[in-house]
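Enquirer:
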Amino acid sequence: MPSLVTPALAPGSLARLTQPEIDGHGVRLRPWRRDDGPAVVAGYADPAIRRWHCRSMTLDEARSWIDTWPRRWRSETGAGWAVVDADNPGGVLGQISLRRLDLAEGLAEVSYWVLPAARGRRVAPSALTALARWSFTVLRLHRVELAHSTANPASCRVAERAGFAAEGTKRAEALHTDGWHDMHLHARLASDGTGGPVAPAAEGERPVPTR
Ligand SMILES: CC(C)(COP(=O)(O)OP(=O)(O)OC[C@H]1O[C@@H](n2cnc3c(N)ncnc32)[C@H](O)[C@@H]1OP(=O)(O)O)[C@@H](O)C(=O)NCCC(=O)NCCS
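One rule links them: number in our numbering = place in the sequence shown (from 1) + 3.
1) Return the chain-ordered ranges of every alpha helix (DSSP H) run that is complete within the region 75-131 and spans a minimum of 4 residues.
2) What does DSSP give as the partner residues of TRP183 in its beta bridges?
3) Helix, strand or coil for PRO232, going by three-state DSSP, please let me know.
4) Would you call the region 185-193 and the region 153-170 in contact, with 3 or more CB pairs under 8 Å?
5) Within the present structure, is the beta-carbon of ASP49 separated from the nearest heavy atom of ligand 1 by less than 8 Å?
6) Between the alpha carbons of VAL95 and VAL117, how many angstroms are there, rounded?
7) In three-state DSSP terms, what is GLY171?
8) Indicate, with yes or no, if ligand 1 has a heavy atom lying under 8 Å from the CB of PRO34.
9) What's the C-alpha gap between PRO14 and LEU106?
10) Rounded to whole angstroms, what is the Cα-Cα separation between HIS186 and GLU176?
11) Which of helix, strand or coil does DSSP assign to HIS145?
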């Protein structure tokens, strides 16, 4: 049954690109490497990351997880980056990814975590701001969403600081290990730029104009 709507992005819009490194305020997003496995294992050994991402991870599983990202890029179903320090890009600080990618709708959902030792330095807001800028200006997505449990205020601050406006609460949307959680929905549109309905950000971390 043919759609009457022209897709927001044509098939191939992601796969034709080489996955880039993306620079942000003090951080760099780079494609995962096979030897990042121990950092991924360390992430999923952290109680807060386990709580909110609901996974455990062995080293073999971490390597398999890393191996999925090039396939997901080619099949245009997702895109994942390791987040590293821009000035000292040796160690992994965290992860950020586009998941639930739907090119026809121009839509993706973001997921992120930061390793305990790197928290409190606004790594996540900087990575999210940089990924949003790339998603709107290079990939040309229309809308990027993120959802966090209403019991996770730190993630709410990350979203606000990166210009993702709160849009409401999805009741009992996500099943966690302790049961159903209400999820707070945030989104940023390509058209928001810096003039959209976004929360104020600190000097130097203001969302970058997208058009
Ligand atoms: C949430 C997370 C990604 C934040 O990463 P980060 O780079 O350390 O972010 P920061 O704490 O430096 O900055 C985020 C903001 O959250 C605030 N914050 C941190 N912990 C908080 C808490 N428990 N309650 C309320 N606000 C909190 C910080 O003060 C900061 O706000 P500000 O910019 O207004 O000062 C990180 O804590 C994490 O990985 N947590 C576990 C996994 C997770 O929650 N992932 C997201 C699932 S949706």
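Glycine included, every Cβ here is placed at the ideal spot set by N, Cα and C.
Expert: The short version:
1) none
2) On the sequence shown, position 180 is the one that residue 183 refers to. Its beta-bridge partners are LEU178.
3) In the structure displayed, the chain extends from 4 to 214; residue 232 sits before or after that span and is not available.
4) yes
5) Start at 1 with the first residue of the sequence shown, and residue 49 comes out as number 46. It does: the Cβ of ASP49 is within 8 Å (strictly closer) of some heavy atom of ligand 1.
6) Walking along the sequence shown from the start, residue 95 turns up at place 92. Walking along the sequence shown from the start, residue 117 turns up at place 114. When rounded, the distance between both Cα atoms is 9 Å.
7) Locating residue 171 in the sequence shown gives position 168, counting from the first residue. The answer is strand: DSSP assigns GLY171 an E or B state.
8) One-based indexing of the sequence shown puts residue 34 at position 31. In this structure, PRO34 has its beta carbon at no less than 8 Å from each heavy atom of ligand 1.
9) Here residue 14 is taken as the residue at index 11 of the sequence shown, counted from 1. Here residue 106 is taken as the residue at index 103 of the sequence shown, counted from 1. Note on geometry: alpha-carbon atoms of PRO14 and LEU106 lie some 7 Å from one another.
10) Counting from 1 along the sequence shown, the entry for residue 186 is found at position 183. Counting from 1 along the sequence shown, the entry for residue 176 is found at position 173. In the sequence on display, residue 186 carries Met and not His. Straight-line Cα distance between these residues: approximately 6 Å.
11) Your numbering for residue 145 matches position 142 in the sequence shown. Correct three-state label for HIS145: coil.
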